[in-house]
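Chemist: These protein sequence lines map, in sequence, to chains A and B.
Just add 170 to the spot in the first sequence (first one is 1) and you have the working numbering.
Just add 1 to the spot in the second sequence (first one is 1) and you have the working numbering.
Heads up, the beta-carbon is just placed ideally off N, CA and C, and yes, glycines get one too.
Can you keep this structure in mind? I'll have questions shortly.
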Amino acid sequence: MAVLRPAGEFDVSYARDMATIRRPWQWALLFGFIVALYTLPLYASQSTVALVNRICISIIAVQGLNLLTGLTGQISLGQAAFMTSGGYISALLVSRMGWPFLAALPAAALGAGVVGLIFGLPSLRVKGFYLVMATLAAQFIIPWFTRNAFPEVLNGAQGITVPPPILFGVTLNEPGRYLGLTLSVLIVTTLVAHNVSRSRLGRAFVSIRDNDLAAELLGINLFKYKLQAFFLAAVYAGAAGVLSAHNLRHLNSETFNLTDSIFLLGMLVVGGLGTNLGPIFGGIVVELLTEGATLFGPFLISLFPATAASAGQAMRPLFFGTTLMLFLIFEPRGLAHRWQLFKAGWRLRPFSHL
Amino acid sequence: MNWQLLPQFAVSGLLAAGPIALTALGLVLIFKSSYIFNFAHGQLLLLGALITWWFSVERGLPLWLSIGLAVVLAALLGLLIERLALRPMTGQPLLSIILMTLGLSQALQGLALLLFGGAQRNFPQMFSAANPYKIVTPLIYNDKPITLILKQNLVWSFGVAMLGVILIGAFFQFTRTGLAMRGASEDHELAQSLGLRIHRIFGLSWALAGMAATTAGVLLATSSGLDLSLAVVVLAAFPVVLLGGLESIPGAIVGGLIIGLAQGIVSASKVQWVRGTTEIMPYVVLLIVLLIRPEGLFGQKRIERI
């Protein structure tokens with residue numbers, strides 16, 4: 171969609187033309203919103219803050235997936251496996267090697283990135299569902315590795331306990347204290363993702379997605395850029411895995427499983443593939459939806475008394491699957507597209523057509 | 002390596018691969034006619050087995066009748082899925098179609114949990130577990146002939162699975178509808194312009210896949226019990242399909258047997274570390290195949306143009 175500006179607003183400099191946030195009041199709103207989020211623990215309940223934590227972590231993982239699947243067009247079912255790698259690396263660095271958390275977080279993210287590189291190698295030869303299969307292999311091999319390799323360190327299928335992070339002398343052992351950390355990481359990852367998407371790297375990604383053969387003819391090194399996309403996606407997943415593992419304080423091979431990988435892809439589609447707002451919308455909506463699904467549990471238990479124990483459990487996949495299918499049929503471009511239409515419609519009011 | 006047990010494990014692995022090959026065939030069926038890779042096949046398997054269980058245990062119908070009813074219901078379910086979920090996806094990019102079947106798998110999983118619950122169930126036994134077949138082979142090790150012990154249920158489910166594979170393979174190769182299906186997978190628009198009713202073809206292939214899935218589900222449930230993890234078994238069939246080549250029916254059989262054999266041989270090892278690789282063996286084979294020969298053993302190599 172063409173860039174649609176409110177009437178009477180003109181760009182007078184290139185910097186202004188490129189800017190994401192254009193008006194002083196937009197800066198003020200953004201600042202106010204971020205302050206409101208940081209001070210959330212002061213006026214919201216513990217469970218709300220924990221939910222916001224979960225949403226932020228999901229958004230980080232989906233942002234990585236957006237770089238790989240949304241921009242580069244390489245479908246990956248291995249995002250949760252890279253989260254597992256990141257979580258394990260950070261947990262071991264902190265508890266075994268005594269690293270400070272602030273050093274372990276980037277190190278674990280980069281370590282997960284290297285794992286991502288390995289499983290991105292088949293992307294040079296295969297694409298489409300063949301690539302889905304290769305990333306699915308990551309989803310099996312990495313958890314298997316944590317279950318079977320080095321049992322004295324990784325503790326097999328039992329998994330390991332993860333210490334809560336200590337930042338500047340404060341132990342982040344409750345959701346309210348943890349929120350500051352996840353929000354800060356989320357802000358950094360959002361900035362990086364946004365700027366990758368509008369740089370040379372992001373444009374190369376998009377050209378590979380739109381037609382990889384044509385991109386190669388234009389001089390884009392497919393191998394290099396595909397691997398970079400895999401690396402970035404796995405770094406994001408690694409960061410999300412670190413945050414999640416230190417938040418849950420326990421990690422085993424099933425903490426992040428195939429279902430989580432499918433959920434992350436679903437969040438991306440619901441939010442909008444290849445857009446910067448997509449991961450944020452998708453993460454919020456799908457997490458709230460599955461949260462709502464667990465609230466519906468008691469009501470459904472009254473309808474299906476025979477399976478009362480599993481009715482609540484059944485709601486999560488059922489709600490998610492149905493939502494994903496409805497979105498694919500009725501709004502395949504996701505909520506981000508809907509939001510663009512809404513903004514454009516508002517600006518063009520009272521004329522209804524673009 | 003445990004040479005005494007190696008033939009036993011290899012043969013058991015081969016037999017266990019029968020239902021897996023039938024599962025892989027269900028995937029190939031849909032792929033061959035509509036170029037869709039069905040990630041929800043595991044849930045079809047699960048629902049088929051659960052419906053059979055419900056008819057035979059809860060309703061007390063004879064087993065053969067419950068299997069028949071379940072196969073019919075699964076065919077209807079396949080038709081319904083094609084009509085409601087996949088038909089709107091015609092002509093959409095690959096990503097949307099993959100995500101559609103992934104979403105479908107989650108929705109069906111939730112449905113199975115909601116209707117039947119997640120408890121472990123005893124599936125009615127079709128073949129007696131006692132007195133397995135014994136075969137004395139001419140192979141001699143340590144002056145003793147090697148005896149193979151084959152469980153009856155494994156042998157029979159292998160036989161039934163192979164029968165299903167051959168029936169469906171013959172259907173594809175020798176009937177007019179089978180030819181139409183093969184044509185439709187090449188190019189939807191071209192097939193339509195030649196007068197093939199591709200929606201009817203897609204529906205038929207989903208119905209057939211549902212039937213194959215139910216058969217495979219029942220066979221797997223008789224040998225390993227019935228609970229939600231049945232759906233995960235299909236994940237072992239994905240590498241099989243890719244190894245054989247996505248378009249190839251003989252490929253599905255040969256791929257299944259190769260992977261079953263590899264798993265059997267690995268599980269005969271004396272080294273604990275090697276034995277531990279049994280569960281990820283299909284995926285290691287898969288990664289190697291993807292790196293060396295992405296189109297699989299019998300698949301078609303496609304040349305792309307801009």
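Count the other CB atoms, across all protein chains shown, that sit within 10 Å of the CB of Lys152 of chain B; report buried if there are 16 or more and exposed otherwise.
Modeler: The residue is buried, with at least 16 neighbouring Cβ atoms inside 10 Å.
Chemist: Beta-carbon separation of Ala185 of chain B and Phe203 of chain B under 9 Å?
Modeler: Against a cut-off of 9 Å, the Cβ pair of Phe203 of chain B and Ala185 of chain B comes out as a contact.
Chemist: With contact counted as at least three CB pairs below 8 Å, one residue from each stretch, are the stretch 225-244 of chain A and the stretch 437-444 of chain A in contact?
Modeler: Verdict: yes, contact present.
Chemist: Taking DSSP's pairing of strands, which residues face Leu291 of chain A in a bridge?
Modeler: Answer by DSSP bridge pairing: none, since Leu291 of chain A is not bridged.
Chemist: Quick check on the burial criterion: 16 or more other C-beta atoms within 10 angstroms. Buried or exposed for Gln110 of chain B?
Modeler: Gln110 of chain B should be labelled buried.
Chemist: Name the DSSP beta bridge partners of Tyr134 of chain B, please?
Modeler: According to DSSP, which records beta bridges pairwise, Tyr134 of chain B is partnered with B:Leu151.
Chemist: If we ignore side chains and look at the alpha-carbon of each, how far apart do Leu221 of chain A and Ile378 of chain A end up?
Modeler: In a straight line, the C-alpha of Leu221 of chain A is about 36 Å away from that of Ile378 of chain A.
Chemist: Given a cut-off of 9 Å, decide if Arg347 of chain A and Pro449 of chain A are closer than it, judged by their beta-carbon atoms.
Modeler: For Pro449 of chain A and Arg347 of chain A, no; Cβs fall outside 9 Å.
Chemist: For Val355 of chain A and Asn381 of chain A, what's the separation of their Cα atoms in angstroms?
Modeler: One C-alpha to the other measures close to 33 Å.
Chemist: Excluding sequence positions up to five away, which residues of its chain have a Cβ less than 8 Å from the Cβ of Leu287 of chain A?
Modeler: Cβ within range, chain order: Leu397, Phe400, Phe401 and Ala404.
Chemist: Tell me the DSSP secondary structure of Arg368 of chain A in three-state form.
Modeler: Coil, per DSSP.
Chemist: Determine the burial state of Lys135 of chain B: buried for a count of at least 16 other Cβ atoms within 10 Å of its Cβ, exposed for fewer.
Modeler: Exposed is the call here.
Chemist: What's the call for Val161 of chain B, buried or exposed, on a 16-neighbour Cβ count within 10 Å?
Modeler: Classification of Val161 of chain B: buried, given that the 10 Å Cβ count is 16 or more.
Chemist: Alpha carbon to alpha carbon, how far is Gly49 of chain B from Arg395 of chain B? Give it in angstroms, no decimals.
Modeler: This structure gives no information on residue 395 of chain B, because the portion of chain B shown stretches from 2 to 307.
Chemist: Would you report the Cα separation of Lys394 of chain A and Leu74 of chain B, rounded to the nearest angstrom?
Modeler: Spanning the two alpha carbons is a distance of roughly 49 Å.
Chemist: Taking C-alpha atoms, which residue in B:Arg198, B:Thr223 and B:Leu287 lies nearest to Ser57 of chain B?
Modeler: Residue B:Thr223 is the option with its Cα nearest to Ser57 of chain B.
Chemist: Does the beta carbon of Gly92 of chain B come closer than 9 Å to any beta carbon on chain A?
Modeler: Output row for Gly92 of chain B: interface = no.
Chemist: Out of B:Ala113, B:Gly170 and B:Ala181, which has the shortest C-alpha to C-alpha gap to Ser230 of chain B?
Modeler: Minimum Cα distance to Ser230 of chain B is reached at B:Ala113.
Chemist: Of all the CB atoms in chain B, is at least one closer than 9 Å to the CB of Val455 of chain A?
Modeler: Closer than 9 Å: no.
Chemist: In the structure shown, what three-state DSSP assignment does Met171 of chain A receive?
Modeler: In this prediction, Met171 of chain A has a pLDDT of 43, which is less than 50 and means its spatial position is unreliable; what the coordinates show is noted afterwards. Of the three classes helix, strand and coil, the one that applies to Met171 of chain A here is coil, per DSSP.
Chemist: Of all Cβ atoms in chain B, is any one closer than 9 Å to the Cβ of Met171 of chain A?
Modeler: Model confidence at Met171 of chain A stands at a pLDDT of 43, short of 50, so the residue's coordinates are unreliable; what they give is reported in the following sentence. No, its Cβ sits nowhere closer than 9 Å to a Cβ of chain B.
Chemist: Which of the residues in the stretch 230-253 of chain A, read from start to end, lie with their CB under 9 Å from any CB of chain B?
Modeler: Answer set for the stretch 230-253 of chain A: Thr239, Gly243, Ile245 and Leu247.
Chemist: Can you list the residues of chain B that Ile311 of chain A reaches, using a CB-CB cut of under 9 Å?
Modeler: What Ile311 of chain A touches in chain B: Ile281, Tyr284, Val285 and Leu288.
Chemist: Are the Cβ atoms of Leu155 of chain B and Gly265 of chain B separated by less than 9 Å?
Modeler: In this structure, Gly265 of chain B does not lie closer than 9 Å to Leu155 of chain B by Cβ.
Chemist: Report the neighbours of Gln328 of chain A on chain B: residues whose CB is nearer than 8 Å to its CB, in chain order.
Modeler: None at all; the shortest Cβ gap to chain B is about 16 Å.
Chemist: Does the beta carbon of Thr316 of chain A come closer than 9 Å to any beta carbon on chain B?
Modeler: Not closer than 9 Å to any Cβ of chain B, the Cβ of Thr316 of chain A fails to qualify, so no.
Chemist: Say whether the stretch 236-246 of chain A touches the stretch 257-266 of chain A, bearing in mind that this needs 3 or more beta-carbon pairs closer than 8 Å, one atom from each stretch.
Modeler: Contact between the stretch 236-246 of chain A and the stretch 257-266 of chain A is absent, because fewer than three Cβ pairs lie under 8 Å.
Chemist: Quick check on Met212 of chain B: buried or exposed, where buried means 16 or more other Cβ atoms within 10 Å of its Cβ?
Modeler: Its Cβ being crowded by 16 or more others within 10 Å, Met212 of chain B is buried.
Chemist: Against chain B, with Cβ distances strictly below 9 Å, would Gly389 of chain A count as a contact?
Modeler: Closer than 9 Å: no.
Chemist: Helix, strand or coil for Ile336 of chain A? Go by DSSP, reduced to three states.
Modeler: Looking at Ile336 of chain A - three-state DSSP - the assignment turns out to be strand.
Chemist: Can a CB atom of chain A be found closer than 9 Å to the CB of Ser206 of chain B?
Modeler: Chain A contact via Cβ: absent.
Chemist: Compute the Euclidean distance between the alpha carbons of Val255 of chain B and Gly245 of chain B, then round it to the nearest angstrom.
Modeler: C-alpha separation (whole angstroms): 6 Å.
Chemist: Below 8 Å, can you find three or more Cβ-Cβ pairs linking the stretch 33-49 of chain B to the stretch 278-289 of chain B?
Modeler: No, the stretch 33-49 of chain B is not in contact with the stretch 278-289 of chain B.
Chemist: How long is the line joining the alpha carbons of Gly268 of chain A and Ser255 of chain A, rounded to whole angstroms?
Modeler: In a straight line, the C-alpha of Gly268 of chain A is about 18 Å away from that of Ser255 of chain A.
Chemist: Which residue marks the beginning of the alpha helix (DSSP H) containing Ile229 of chain A, and which one marks its end?
Modeler: Residues Gln216 to Leu235.
Chemist: Measuring only the C-alpha atoms, how far is Val241 of chain B from Leu428 of chain A?
Modeler: Their backbone Cα atoms lie some 19 Å apart in a straight line.
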